[in-house]
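These protein sequence lines are chains A and B, in that order.
First residue of the first sequence: 1, per the working numbering; consecutive thereafter.
First residue of the second sequence: 1001, per the working numbering; consecutive thereafter.
For every residue, glycine included, the Cβ atom is placed at its ideal position computed from N, Cα and C.
What follows is a set of notes on a single structure, which appears directly below.
Number of protein chains: 2
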Amino acid sequence: MRIAKSINMLLYFYMATKTLTRQTKMVDRRPARAGDGAPDARFDVANRVFFRLYQASNLMHRTGTRAVSDHGATTQQWAVMGALARPGASAAGLSVKELMAFLCVSRQSLTLVLGRVEGLGLVERARLESDGRVRRIRLTALGRRTWRAMLADIGAYYTAALTDFSPAEADTLFRLLDRLTKSLGQM
Amino acid sequence: MRIAKSINMLLYFYMATKTLTRQTKMVDRRPARAGDGAPDARFDVANRVFFRLYQASNLMHRTGTRAVSDHGATTQQWAVMGALARPGASAAGLSVKELMAFLCVSRQSLTLVLGRVEGLGLVERARLESDGRVRRIRLTALGRRTWRAMLADIGAYYTAALTDFSPAEADTLFRLLDRLTKSLGQM
DNA sequence: CGCATTATGGCAAGGTATTGCTGTATCCGG
DNA sequence: CCGGATACAGCAATACCTTGCCATAATGCG
């Protein structure tokens, strides 16, 4: 059964990848058998979803970092600063653990990014008085100013990236990505 | 005008990030004003789209690499091997330039991954006879066997990740991500 | 034919993702 | 009170993302 499944999968991957070859050229084309519910078609579509996620993420970091490069920031620093700029976070700050959960990154990855933005004077890390293990991360005054200055470039980037999307489409994309994030977060 | 736009944006970012704070807890909640077409609501939704893209990508790499870890592979190696296993690519191989375009990664990033999988004996790199600058990248026999063995784990991963998605939803997600990838690829 | 320009791929440097492990702080039960 | 278990954050190692730059190969024009 497992062997038959693998062979079956391989056969349909053959057909899927043939379609993917065409997708490489960014030709707008419907998948051959969308919505028929057969397990093999599901593999096919899933493969495309995850491959596009990979591609889109690579391009987001490349283009997004360019968009905020005048501020000397990267997309990851943008995400950290955005999280800290929220009104619920700006006064009390956030712990490393809270930021990790919010950004879906590992502690060590976050520690590196925080080290960088702290070095740039954009955030401060202070030991919490009530618990000596915890670090409270907050934007500095420079960080807040930098963040505000970044918002115009961020807005321009969003406009350019989603120029062909209707509001309903952008909302659908958000909602589907939200559900995917939840699902992956539980695996 | 630009200043007014920035202040306007900041005000609505305030409201958006308040919603994002709730989203952190993965509570399923509709955006407050989806679809009304106002520029500030667009910033709001765009912000969520890109943040979810960031989160989903982080989790995909984390969970996906675990899914293929028995084969000693990472998600990026999976993507490279998948590209090379396609029938259009398997005999003649692909050049570095073709792989770069397909995966939406930089040459240097790809060179690193290729170096790794070549070291594992999964791919071979040969100079093309007709053009001495070009490298032809192909799966080895071991690479092909490893790829086939990986497909069962890949299928199981897809099933787990998209278990709550209908075929139509998965297809919609693919199509929207496809359009986003195209858009970002042109920026 | 020769030279300037363009194309291809890889080294170098820097930033960010993961897991494994460790030191310090806190909590809870005996 | 004390010790074992748990929580928090950061160092170490590895893998992958970017841009800048360079050596070699190929092309096109005068």
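Check: Quick one: is B:E974 buried, meaning 16 or more other Cβ sit within 10 Å of its Cβ, or exposed?; Outcome: The requested residue 974 of chain B does not occur in the structure, where chain B is confined to residues 1001 to 1187.
Check: Would you kindly work out how many angstroms separate the C-alpha atoms of A:L142 and A:S90, rounded to a whole number?; Outcome: 13 Å
Check: So, under 8 Å CB-CB, A:F51 and B:A1079 are touching, yes? Tell me the CB distance rounded to an integer number of Å.; Outcome: 7 Å
Check: Leaving out five residues before and five after B:I1154 in sequence, what residues of the same chain have Cβ atoms less than 8 Å from its Cβ?; Outcome: A1067, V1068 and W1078
Check: Output yes if chain B places a C-beta closer than 9 Å to the C-beta of A:R145; else output no.; Outcome: no
Check: Can you give me the C-alpha to C-alpha distance between B:R1179 and A:N58, rounded to a whole angstrom?; Outcome: 15 Å
Check: Is the shortest distance between the beta-carbon of B:I1137 and the beta-carbons of chain A less than 9 Å?; Outcome: no
Check: Report buried or exposed for A:K76, applying the criterion of at least 16 other Cβ atoms within 10 angstroms of its Cβ.; Outcome: Note that residue 76 of chain A corresponds to Gln in the displayed sequence, not to Lys. By the neighbour-count rule (16 or more Cβ atoms within 10 Å), A:Q76 is buried.
Check: Quick one: what does DSSP say B:E1169 is sitting in, helix, strand or coil?; Outcome: helix
Check: If B:R1135 and B:S1095 are in contact, beta carbons under 8 Å, what's the gap, nearest whole angstrom?; Outcome: 6 Å
Check: For A:L94, write down the residues that DSSP places opposite it in a beta bridge.; Outcome: A:I137
Check: Quick one: measure Cβ to Cβ for A:P167 and B:A1041, integer angstroms, because I've assumed they're closer than 8 Å.; Outcome: 7 Å
Check: Kindly say whether B:A1081, judged by its beta-carbon, lies nearer than 9 Å to any beta-carbon of chain A.; Outcome: A small correction: the amino acid at residue 1081 of chain B is Met; Ala does not occupy that position in the sequence shown. Answer no: the Cβ-Cβ gap between B:M1081 and chain A never drops below 9 Å.
Check: Using DSSP with H/G/I as helix, E/B as strand and the rest coil, what is A:R86?; Outcome: coil
Check: CB A:Y54 to CB B:F1043, shorter than 9 Å?; Outcome: no
Check: Keeping to the same chain, check which residues put their C-beta closer than 6 Å to that of B:L1162; ignore five residues upstream and five downstream.; Outcome: A1170
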